Amino acid sequence: MSELYYGDAFDVLSEKISDESVDLVYLDPQTRFNQAHNISPEDRGRDYIDRSSDSLLGELMPEADSKAVYRASLVDNAPEPLKTSIETIRVIAGEGPTFSYIASNAGIFPELYRTLKPAGFLVLQCNPAVSHYFRLTLDAVFGQTNFRNEIVWKYLKRRPSQTLHVPRNHDAILVYGKTDKAIWNRDALFAARDINDSSFEYKHKGYRRDEEGRLYRHVSLVNPNPNRENYSYEFLGVTRVWRWAKERMESAYNSGLIEQRAPGSVPVLKQYIDESRGEAIDEIWTDIPGASYKEAQRLGYPTQKPAELLARIISMTTLPGGMVLDPYAGEGITVDVAQDLSRRWIGINKTTQGIALIDTRLRHKYGEEARDHYNIVGLPHDLNSARALLANSPAEFERWCLMQVDGQFHDSRHGDRGFDGIIRIPLDHNGVSQRILVSVKAGRIKKTHIVELERAVRKHRAAMGIIITMDEPDLSALDAMTNSGVFNHPGTGVTYPKIQIIKVEQLLQNQRPEMPTPLLPYFQEIPRSRGSDS
Numbered sequence: 001m002s003e004l005y006y007g008d009a010f011d012v013l014s015e016k017i018s019d020e021s022v023d024l025v026y027l028d029p030q031t032r033f034n035q036a037h038n039i040s041p042e043d044r045g046r047d048y049i050d051r052s053s054d055s056l057l058g059e060l061m062p063e064a065d066s067k068a069v070y071r072a073s074l075v076d077n078a079p080e081p082l083k084t085s086i087e088t089i090r091v092i093a094g095e096g097p098t099f100s101y102i103a104s105n106a107g108i109f110p111e112l113y114r115t116l117k118p119a120g121f122l123v124l125q126c127n128p129a130v131s132h133y134f135r136l137t138l139d140a141v142f143g144q145t146n147f148r149n150e151i152v153w154k155y156l157k158r159r160p161s162q163t164l165h166v167p168r169n170h171d172a173i174l175v176y177g178k179t180d181k182a183i184w185n186r187d188a189l190f191a192a193r194d195i196n197d198s199s200f201e202y203k204h205k206g207y208r209r210d211e212e213g214r215l216y217r218h219v220s221l222v223n224p225n226p227n228r229e230n231y232s233y234e235f236l237g238v239t240r241v242w243r244w245a246k247e248r249m250e251s252a253y254n255s256g257l258i259e260q261r262a263p264g265s266v267p268v269l270k271q272y273i274d275e276s277r278g279e280a281i282d283e284i285w286t287d288i289p290g291a292s293y294k295e296a297q298r299l300g301y302p303t304q305k306p307a308e309l310l311a312r313i314i315s316m317t318t319l320p321g322g323m324v325l326d327p328y329a330g331e332g333i334t335v336d337v338a339q340d341l342s343r344r345w346i347g348i349n350k351t352t353q354g355i356a357l358i359d360t361r362l363r364h365k366y367g368e369e370a371r372d373h374y375n376i377v378g379l380p381h382d383l384n385s386a387r388a389l390l391a392n393s394p395a396e397f398e399r400w401c402l403m404q405v406d407g408q409f410h411d412s413r414h415g416d417r418g419f420d421g422i423i424r425i426p427l428d429h430n431g432v433s434q435r436i437l438v439s440v441k442a443g444r445i446k447k448t449h450i451v452e453l454e455r456a457v458r459k460h461r462a463a464m465g466i467i468i469t470m471d472e473p474d475l476s477a478l479d480a481m482t483n484s485g486v487f488n489h490p491g492t493g494v495t496y497p498k499i500q501i502i503k504v505e506q507l508l509q510n511q512r513p514e515m516p517t518p519l520l521p522y523f524q525e526i527p528r529s530r531g532s533d534s
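Written out as C-alpha cells, the structure reads:
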C-alpha cells in the first residue's frame, strides 16, 4: 500500500517511516518557500532559489531566518561530519540565502539515509550552482565512496545572451548508493532508439541498410584480450584471437550475421539496430526535454519535472514492487510515475492544497479506484483533529475544507474576499462549466455571511454558493439561506438550493452539499463558461 502524508518532511520521516524500508529516495529540494503547493501559508514571503529564472537568488530568506534554519539543522543526533560540512558551507557562503537553502534541506539527510535499504539509492536534483554544496553534505552522510554519479540533465535550449554567464539550461542530478550493494537495474540502462527518425542515419553514419531495409553496423569480432589462446584459430582464411568459439562463429556465418568484405579481410559482425538494447545511458542526458509551459500551467505548478525524466530515474534504481520516497512531493509527479511503473510510493507534502493536488492528479489519471491503492495520512479524521488543525493553522484548515468538496483555493489577495474557493461543475457535454463559490467560516454563521456570499455569487455569475462552518448557523442565517432561491442546471433540469450551509461534522460523516458532480480541481483543460472565471 502506498501512502501520501500531510506534514513536515522531517517529522513524518522520523515518526512514520521505518528503518531500511525504501528502495529509492528522490528529492528536488524545496527551491522557494513561497511555492503554493508545498509551503505553508505562514511561510509566505520567505523565498529560496528560483531555478526557473536566470537570476539565481532573487528575493530570498532574510538573514535572521537564515540563522534560525542553521541552528535548527544542527540537531543533537546529527552526525559530526554533517555538522562540520554545514559549518564549512556557512564559512564559505556566509549566512545568506544559499546557506539557508542548503542547511535547511540537509537536515533531513540522516533520516533519508536511515529509511533506505542497504541496496537503496538516493537521487537529488538541484541547480548546478549549488550542487557542490549538496555533494559536501551528502558525502558527510552517505560517505564519499558511495557517490555514484553526477548526471547532467539539459532541459532546454537557450540562445546566448550578453550577460555575465552563458545560458543556464541544465540541472545536476546527484546519485548515491547507501552501500556498495546498490546496483543499477541493468535492463533500464539503455534508451530506446527511434530508427524512424529522419535524422537517425545522419547522426549514426556507421549504419547501413541490408536488402530488406534493416539498419545494421559492422562490429569487430577480434577479442580485446590477445592472450586467450583457446580462441585463436583460422576463420575464413584469417587467423586472430576471436571473441567467440569457432562453432559459434561458423553458426553466425551460416546465419548471415558475419560478413567478409573481401578475401583475406578480417570478418566483422553485422549488428542490427532493431536487435540491440538501445543507446547506453551515460551521465549526460539531452534526450528528455523539460515539461512544457502548457503542462505546467495546466497543473498550476511551474517547476514540475517531465514524467519521462522521473520514469528513467525510477526504472534505473528500482524494480517493480519497490518503494519510492519523495519527501517534497510537490505536485505529485514522482508518485504518479511510481504508480504508473508498478512501484509502491511514499509522498510527503506540508500543505493540504498540495495533498489535494496530488490526490486529484492520481484520480484524474487512474480513476476514482486509485484511492484503493494509497492512504492519505495526517489530515483530520474526526472533529477533534479538525479543531486542532484550525487552531494550528486556519489557512490549512480552510484548504482542507475545500479539499472535502473537490474545491480549489481562491487567492483572496488578488480578488474578491467574499469567498475562499471554487468548485467547477459541468453544464453540458461540450466542456462548458460554471463555478460554485465556497466560503469557509470558523465561527457562527449569521445572516450577514449569507448576504455577502449571495453578493459574490451575483458578481461572479456563479451557479451557487456554499458555506462550510465549524459551528451551528443562527436562525437568521437559515432564513436567509432558505430565501436565496435555487439554481436550475441547464443540462439536467435538476434544481439545487442557491446558497447552502454544511458543517465540518457533516463532511467528516461523508455528507456533501447538494450539487452536480464536480469536475476535478486544479486541472484546467476543460473550458469554463463565459464569465465564470471573472
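Residues 1 to 534 in the UniProt record's numbering are what the sequence shown lists, from first letter to last.
Backbone N, C-alpha and C fix where the C-beta goes; we use that ideal spot for every residue, glycine too.
These figures come from a predicted structure and were not determined experimentally.
Sequence-distant residues of its chain with Cβ nearer than 8 Å to residue i (five each side left out)
i, result
"glutamine 511", "Ile502"
"lysine 178", "Tyr113, Leu116, Lys117, Pro118, Ala119, Gly120, Phe121, Leu122, Phe142, Asn146"
"lysine 246", "Tyr233, Phe235"
"arginine 530", "Confidence at arginine 530 is low in this model, with a pLDDT of 36, below 50, so its placement is unreliable and the value that follows should be read with caution. No residues qualify anywhere along the chain."
"alanine 64", "Residue placement at alanine 64 cannot be trusted, given a pLDDT of 45 that sits under 50; what the coordinates show is reported in the next sentence. Cβ within range, chain order: n/a, list empty."
"aspartate 382", "Leu508"
Same chain only: Cβ atoms within 6 Å of residue i, ignoring 5 sequence neighbours per side
i, result
"serine 232", "Val241"
"glycine 7", "Gly378"
"arginine 363", "Ala370"
"asparagine 105", "Pro29"
"asparagine 473", "According to the sequence displayed, residue 473 carries proline and not asparagine. So the qualifying residues of the chain are Ile445, Ile501."
"glycine 367", "none"
"aspartate 428", "Gly491"
Close-in-space but distant-in-sequence residues of the same chain around residue i (CB under 7 Å, 5 per side omitted)
i, result
"methionine 316", "Trp184, Asn185, Ala188, Leu189"
"leucine 389", "Pro380, Glu396, Phe397, Trp400"
"isoleucine 151", "Ile173, Val175, Glu283, Trp285"
"residue 611", "Any property of residue 611 remains undetermined from this structure, which presents the chain solely from 1 to 534."
"alanine 311", "Val337, Leu341"
"isoleucine 333", "Gln304, Lys305, Ala307, Leu310"
Selection from the options that minimises the alpha carbon distance to residue i
i, options, result
"alanine 78", "Ser14, Phe397, Asn375, Cys401", "Ser14"
"leucine 357", "Ala395, Leu402, Asn230", "Leu402"
"alanine 262", "Gly237, Asn375, His132", "Gly237"
"aspartate 180", "Pro118, Leu309, Ala9", "Pro118"
"valine 451", "Asn105, Asp479, Met470, Gln434", "Asp479"
"methionine 1", "Glu211, Ile258, Arg168, Gln339", "Gln339"
"arginine 435", "Thr482, Ile423, Asp428", "Ile423"
"asparagine 384", "Leu221, Leu427, Asn254, Glu505", "Glu505"
"methionine 323", "Gln509, Leu221, Trp345, Gly332", "Trp345"
"alanine 140", "Gly264, Ser100, Ile92, Leu82", "Leu82"
"aspartate 274", "Arg217, Arg248, Asn430", "Arg217"
"leucine 319", "Ala182, Lys16, Thr469", "Ala182"
"glutamate 211", "Ser251, Arg228, Asn227, Gly256", "Gly256"
"alanine 386", "Asp428, Asp471, Gly421, Pro426", "Asp471"
Proximity of residue i and residue j at Cβ, strictly below 7 Å
i, j, result
"leucine 437", "phenylalanine 419", "yes"
"serine 476", "isoleucine 499", "no"
"tyrosine 155", "glycine 347", "no"
"proline 518", "aspartate 406", "yes"
"threonine 360", "leucine 520", "yes"
"phenylalanine 134", "tyrosine 176", "no"
"serine 85", "threonine 137", "yes"
"valine 337", "isoleucine 355", "no"
"isoleucine 108", "alanine 9", "yes"
"leucine 27", "proline 490", "no"
"glutamate 308", "alanine 191", "no"
"serine 433", "isoleucine 467", "no"
"leucine 269", "valine 335", "no"
"asparagine 223", "arginine 243", "yes"
"residue 537", "alanine 463", "A query on residue 537 cannot be resolved here, the shown segment of the chain reaching from 1 to 534 and no further."
"glutamine 353", "leucine 507", "no"
"tryptophan 153", "histidine 170", "yes"
Expected contact under 8 Å - CB spacing of residue i and residue j to nearest Å
i, j, result
"threonine 115", "aspartate 19", "7 Å"
"proline 29", "leucine 124", "7 Å"
"leucine 112", "valine 12", "With a Cβ gap of about 12 Å, leucine 112 and valine 12 do not count as contacting."
"glutamate 80", "tyrosine 374", "The pair is not a contact, with the Cβ atoms about 38 Å apart (cut-off 8 Å)."
"glycine 120", "aspartate 23", "5 Å"
"alanine 329", "proline 394", "Incorrect: roughly 23 Å between the Cβ atoms, too far for contact."
"tyrosine 272", "arginine 343", "No, tyrosine 272 and arginine 343 are not in contact; Cβ-Cβ is about 33 Å, not under 8 Å."
"proline 306", "isoleucine 288", "6 Å"
"tyrosine 496", "methionine 515", "6 Å"
key: the segment 441-448 in contact with the segment 457-464 per 3-pair CB rule at 8 Å   = no
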